[in-house]
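The sequence shown lines up with residues 157 to 728 when you count with my numbering.
Here's the structure, in structure tokens; my notes come after.
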Amino acid sequence: ENLNVLMTADRFATLRLRTNSELPEVVVYALPGSENLLQSVESQHNLSLNALRSIPMPGGEADLMRMAAFQTGVQTGVDGVGGMHVRGGNADQNLILLDDVPVYNPGHALGLFSIFNPATVSNARLWKGDFPARYGGRASSVVDIRTRDGDFRQYHANASVGLFASSLSAEGPVVRDRSSFLFAGRTTYFEPWIKFFSKRGNLINFSGDNAGYRFYDLNLKLNHVLSDRDRLYFSYYYGGDIFQNQFDQRYDDPDGLQTDQYTLNSDWGNTIAAFRWNRVVSKNVFANTILRYSRFYYQSQLSFNSDFLYANGKTSTLADYGLLYQTFIRDWSVKTDFSYYPAGPVTLRWGGSYTLHDFRPGAISVNFLQPGQSPTSIDSLANILDNNEQLGADEAEAYIDMEIKPSRYWRVEAGMNASLFQIRNVNYRAMLPRVRVQRSGPRGWSLWAGYHRNTQYLHQIGSFNISLPFELWVPSTQKVLPEQVWQLSAGVGWQREGWSWQAEAYYKRLDRVLTFLTTNDALVTGGAEDASGWEDRIVSGEGQSHGLELSIEKTTGRTTGSIAYTISNTTR
């Protein structure tokens, strides 16, 4: 068919093509000198969804965060589980975004799986350094994940069954060619495996073991075209983990039988929501405004009961102990971005955001009963959690990114991020520059160098080696200063005819890196020997990391793959 369009002014047209016939795959190789010389590949890594499906994963579950761990400069925590560390940084120094909303706990099952359902993902990108100024708030890296919009014309459904988890997804039009939806759900069935092994792992004086674990997540995305210039999106994620364990321990005594019963119930999870408005302001200017909500919570209930059954049939309670622990972080924010694409070598992006943070570093309620005493209650963990204090903080950012291509061989990216953080009448300000220069050659060669600084106002205290939910998110205060990181990097790469290799060296300086001093009872039982606040248990230090990252990749042909190697050293 022929379609004639008379262009007398700026206008928009949506052309939906119908498949008439399918042709065999066509692979086009560029001639020497015609490569996309200025493609930025050194610090940004596009996590290929096709490669994701072909990488062996635990239990056969494709996982984006596990795939990110295959990149150079990225390490996981203890025994390869959870806690992604990028170029010597902590696990909390990664800005992980789902549809532009920060995610505070990206893992299920202690980090063995991530919360990102592959059936919903459209694209994912990883920055290890030199990331644009529009990404602020974290010190080491950015993982930007976007979900699919859903089909505007046809309905689709898909179900998958794995060794540990199953998922179901559906998409289709709400109003044909105007609105669409995407829904996906996923759950696991770890419990039969856990029950099987826990019962066979019991000691002879244990009985009644009832252990169980499962995780779940739900994704929903709605998309509506208001006009040729306006589009609305709504994204929602809800997911969590549930762990339960109950067992009895019995002791024979000449006077009778003592039975101790332990019960532990824990659950944690994320709630994420975003409402986004995309607007085409003019033929050169695009605007994106988003309202965001993010919440992570953790709750644990522990109880211990000890009874003694005498030979004469009487029963006595020796101890009855209960503990409830809660913590959460919650954000409300608004963000606006503008993009300007003039007819020339310069591209501009600018914008700003405001976030209201709400913290509960932790609250513990303890109840216990001892023989001959009345029940005693300790409301809130006074020794380290500041009397169940709930903290609020304000954070504002403004940025500008500029990209200049003075010739086909040169590319310059420069940006500035300005931030303000306020809490308890204490203000922190930061001006954070970023710059990167790239020189490309006529036969696929590229050289680049970059510098950037970052400041982080939010901190995760606890164990930084594994992706545990028991870690606390706390803000910078008068006593707890913001973390600061600056990094220099330089590299060389070559890309031609489906092959590419890269070598990049970096030096990274970390200041005010935090760690938490804890005792055996802190964060667990709430012992009251010390009444100092959580801020007094935080100490800061400095560190540095340097290394060399090497990679080679083949992306076309019948055989594809990649090899990555990193040699690095990090000190604290």
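For every residue, glycine included, the Cβ atom is placed at its ideal position computed from N, Cα and C.
{"query": "Selected residue, minimal CA-CA separation from residue 406, among 397, 395, 399, 418", "result": "418"}
{"query": "Beta-carbon proximity list for residue 694, same chain, < 7 angstroms, skipping 5 on both sides", "result": "617, 636, 670, 672"}
{"query": "Touch test, the segment 579–590 against the segment 559–566, Cβ-Cβ under 8 angstroms, three pairs minimum", "result": "no"}
{"query": "The segment 373–381 in contact with the segment 397–414 per 3-pair CB rule at 8 angstroms", "result": "no"}
{"query": "Opposing strand residues paired with residue 604 [DSSP bridges]", "result": "594, 647"}
{"query": "Sequence-distant residues of its chain with Cβ nearer than 7 angstroms to residue 346 (five each side left out)", "result": "320, 369, 370"}
{"query": "Residue 592, buried or exposed, once every other Cβ within 10 Å from all chains shown has been counted against 16", "result": "buried"}
{"query": "Alpha helix (DSSP H) segment containing residue 206, residue limits", "result": "205–210"}
{"query": "contact_flag[the segment 379–386, the segment 333–347] where n(CB pairs < 8 angstroms) is 3 or more", "result": "yes"}
{"query": "From 649, 207, 471, 268, residue whose alpha carbon lies closest to that of residue 344", "result": "268"}
{"query": "DSSP state of residue 478 mapped onto helix, strand, coil", "result": "strand"}
{"query": "Proximity winner among 305, 232, 208, 488, relative to residue 387 (alpha-carbon distances)", "result": "305"}
{"query": "Contained beta strand (DSSP E) runs [length at least 3] in the segment 312–356, N- to C-terminal order", "result": "312–317, 321–331, 335–344"}
{"query": "Three-state secondary structure (DSSP) of residue 726", "result": "strand"}
{"query": "Enclosing beta strand (DSSP E) for residue 767 [first to last residue]", "result": "The requested residue 767 is not part of the displayed model; the chain covers only 157 to 728."}
{"query": "Inter-residue spacing [alpha-carbon to alpha-carbon] between residue 645 and residue 599", "result": "23 angstroms"}
{"query": "Host alpha helix (DSSP H) of residue 222 (start-end)", "result": "220–224"}
{"query": "Helix, strand or coil at residue 290 according to DSSP, with G and I counted as helix", "result": "coil"}
{"query": "Rounded C-alpha distance that separates residue 506 from residue 554", "result": "8 angstroms"}
{"query": "Alpha-carbon to alpha-carbon, residue 551 and residue 493", "result": "17 angstroms"}
{"query": "Simplified DSSP state of residue 274, which is helix, strand or coil", "result": "helix"}
{"query": "Nonlocal neighbours in the same chain, by C-beta distance under 6 angstroms from residue 483, ignoring five residues either side", "result": "454, 516, 518, 628"}
{"query": "Straight-line gap, residue 727 to residue 704 (C-alpha atoms, nearest Å)", "result": "16 angstroms"}
{"query": "For residue 227, three-class secondary structure by DSSP", "result": "coil"}
{"query": "Start and end residues, beta strand (DSSP E) containing residue 629", "result": "628–631"}
{"query": "Validate contact between the segment 294–309 and the segment 244–257 using beta carbons, cut 8 angstroms, 3 pairs", "result": "yes"}
{"query": "Bridge partner(s) assigned by DSSP for residue 572", "result": "556, 589"}
{"query": "Per DSSP, the bridge partner or partners of residue 658", "result": "649, 707"}
{"query": "Identified DSSP bridge partners for residue 282", "result": "201, 299"}
{"query": "Where residue 170 falls, given that 16 or more other Cβ within 10 Å makes a residue buried", "result": "exposed"}
{"query": "Span separating the alpha-carbon of residue 509 from that of residue 447", "result": "10 angstroms"}
{"query": "Residue 350 versus 327, 401, 340, residue with shortest Cα-Cα distance", "result": "401"}
{"query": "Proximity below 7 angstroms, CB of residue 606 to CB of residue 300", "result": "no"}
{"query": "At least three beta-carbon pairs within less than 8 angstroms, the segment 415–434 to the segment 454–466", "result": "yes"}
{"query": "Whole-angstrom C-beta distance between residue 548 and residue 576, which should lie under 8 angstroms", "result": "Not confirmed; about 15 angstroms, so no contact."}
{"query": "Residue nearest to residue 722 in terms of C-alpha spacing, selected from 501, 707, 426, 440", "result": "707"}
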